[in-house]
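To start, the structure itself, in structure tokens.
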């Protein structure tokens, strides 16, 4: 059979010349009722997953960023003002330019979410749309590629029942949306070329353009896979290929140009996407890579690429129909279809995404959580895999129905076993995040300025607390801000009608990183107050619960550190008291006084333990921060203070984690009267 015949042989049985042309609605209903049921399931499953699996979002903090962007678009803002305080109001995965904040993501998926907000008052409509697109796309692509209605229905059913649909379809991320668009793009182009229908090719181009507006690199990879297959089949038919390419460009270019124009306007270059403005190191290729400023850079090379790809592929079956049993059936299905030229299209999709994404360090990041939420960059692979599995199911059913029933039962049990654990893990993670929303319920009717404790990887909203989103105009009653120590004084002064609170937590932020058994943090909403005086004395009460020989206490102001040795014979434990008095610049010096530096800053009191004073000084265990402000010969301290505990991490490194109380250190404050103004 020639390449041309692969596509042309189905021309007489195209759907438009059969049932639809006769207008036989009864026959249509009999033929497509199951597809209608699956389409309804594609709508319902993501909505159920959204509420049953992810009642308080998933672990993925990209979700609240998409929602923040969608709400801004709904309100008519492509970028949002930073209120003159970018260090307080900047969400993570966002960029700051010319006093404006904007997301690192292009507009395709946020526009779908915004449209749902406008129409339904909720972003959930976009989840339903994405699920519907995946179902219809799977059917249309399989039917067009193979000409087999039964295979298309079975493949669609298997895709609909795959755990990946609720796991990724129930979150506000665009991966399933892009998959649905990609499959419909492929079906439209293949059908348009086969049937000489320019309108279908233009429609496919429009879908490809929307993919480019959503995930530009995915658009490139989908284009390579589909165009490569068309060229393979239509080899030597250059005029027809050129004409088809023209129609495809006609459909795709408007949205491609719109995306490049968006880049030009907001980043200064049509080829510079917002993601690299948020952090220039978040890009394709090998080398040092970083997701946001202040995060730890990663040296991404070929070794990490191969390991990350292997890990993503290893965990992929957990999210497909039948789990690892399904993966084995897909391999057998590939063997059964080895002489079918249309298998080239399945292989093209199955290879182009893993190979293409090998040069993007995102697969390293995603590999850390691929066991929880699936291989997000390899999601297009689920389509060819389900088609291959469907072929085996149909072949088995036709040869021996009893064995076919048994095979379906095994697939169902394997899916429940492998996928069920993913559902439970994700629900536990989401439940552990409810406390962030619950913590502000007592002040929900107040006008409050809520400072989110900045003790994570970076000073950004929506990273530690996924519910810390502000409106585009920063006019919400509960206005969230990143805690910035002494600089908090200025923001409090700028919002005098908002009562300030500090949102503190009792477990390390690292415990919030995704795992199947998350720890639920205890969140405390602490009213903030300003203590005013001419000087401030810190009365430190220190204990030695571990009976270390040497105990030291240090006070750090800017670059100046004062170290005091409390004991060198502490093997019996003991309690110690010492005072530090903080004075403004220009005040008369006295014993045990420390002059504050600058207009604002932080006074850090820390306690260390060791065998010698030197060892204790380099082994600080707990610390307490006091943001301060100096004004007119007086001192202001912002309470409550911030408490930290050091813990050893990998390779002996120490990292500070937040606490709400310290048994080793208790500080009380007294002040002297402030001078008259």
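Numbering (this note's numbering), first residue to last: 41 to 717. Glycine included, every Cβ here is placed at the ideal spot set by N, Cα and C. Nothing here was measured: the structure is a model prediction, and the numbers come from that model.
| query | result |
| --- | --- |
| Residue 664 (DSSP reduced to helix, strand or coil) | strand |
| From 593, 433 and 114, residue whose alpha carbon lies closest to that of residue 376 | 433 |
| C-beta atoms of residue 421 and residue 399 nearer than 8 Å | no |
| Alpha carbon of residue 522 to alpha carbon of residue 681, nearest angstrom | 15 Å |
| Residue 615, buried or exposed, once every other Cβ within 10 Å from all chains shown has been counted against 16 | exposed |
| Where residue 465 sits in the DSSP three-state scheme | helix |
| N- and C-terminal bounds of the beta strand (DSSP E) containing residue 602 | 600-607 |
| Cβ neighbour criterion (16 or more within 10 Å) applied to residue 61 | Note that residue 61 scores 45 on pLDDT, short of 50, meaning its location in the model is unreliable and no value can be drawn from it. |
| N- and C-terminal bounds of the beta strand (DSSP E) containing residue 699 | 694-699 |
| Contacting residues, own chain, Cβ-Cβ under 8 Å from residue 355 (five flanking each side not counted) | 410, 411, 414 and 415 |
| Three-state class that DSSP yields for residue 651 in the structure shown | coil |
| Best match in 143, 456, 577 and 479 for proximity to residue 121 [C-alpha to C-alpha] | 143 |
| Buried versus exposed, by CB contacts within 10 Å (16 or more), residue 292 | buried |
| Limits of the unbroken beta strand (DSSP E) element including residue 579 | 575-583 |
| Residue range of the beta strand (DSSP E) that includes residue 492 | 488-492 |
| CA nearest to the CA of residue 164, picked from 190, 116 and 217 | 217 |
| Residue 473 classed as buried or exposed, judged by whether at least 16 other C-beta atoms fall within 10 angstroms | buried |
| CA-to-CA distance, residue 639 to residue 357, given in whole angstroms | 58 Å |
| Alpha carbon of residue 221 to alpha carbon of residue 173, nearest angstrom | 7 Å |
| Cutoff 8 Å: residue 205 Cβ touching any chain D Cβ | Included in the structure is just one protein chain, with no chain D present. |
| Range of the contiguous beta strand (DSSP E) that encloses residue 208 | Counting along the chain, residue 208 falls outside any beta strand (DSSP E), though it belongs to the alpha helix (DSSP H) covering 204-209. |
| One or two residues paired with residue 316 in a DSSP bridge | Paired residue(s): none; residue 316 is not in a bridge. |
| Contacting residues, own chain, Cβ-Cβ under 7 Å from residue 384 (five flanking each side not counted) | 269 and 272 |
| Other residues of its chain near residue 300: CB distance less than 8 Å, five sequence neighbours each side excluded | 310 and 311 |
| Residues that DSSP places opposite residue 565 in a beta bridge | 543 |
| Closest Cα partner of residue 82 within the set 156, 665, 286 and 202 | 202 |
| Selection from 673, 275, 675 and 605 that minimises the alpha carbon distance to residue 658 | 605 |
| Check whether residue 295 and residue 262 have beta carbons under 8 Å apart | no |
| Nearest neighbour of residue 223, chosen from 386, 130 and 109 [CA to CA] | 386 |
| Enclosing alpha helix (DSSP H) for residue 427 [first to last residue] | 422-439 |
| Inter-residue Cα distance where the pair is residue 109 and residue 558 | 28 Å |
| Neighbourhood of residue 44 by C-beta distance below 8 Å, restricted to the same chain and skipping five residues each side | The predicted model places residue 44 with a pLDDT of 47, which falls under 50 and marks its position as unreliable; any figure quoted below should be read in that light. 273, 274 and 277, listed in sequence order. |
| Boundaries of the beta strand (DSSP E) in which residue 413 is found, first to last residue | From DSSP, residue 413 is part of no beta strand (DSSP E) but of the alpha helix (DSSP H) over 410-413. |
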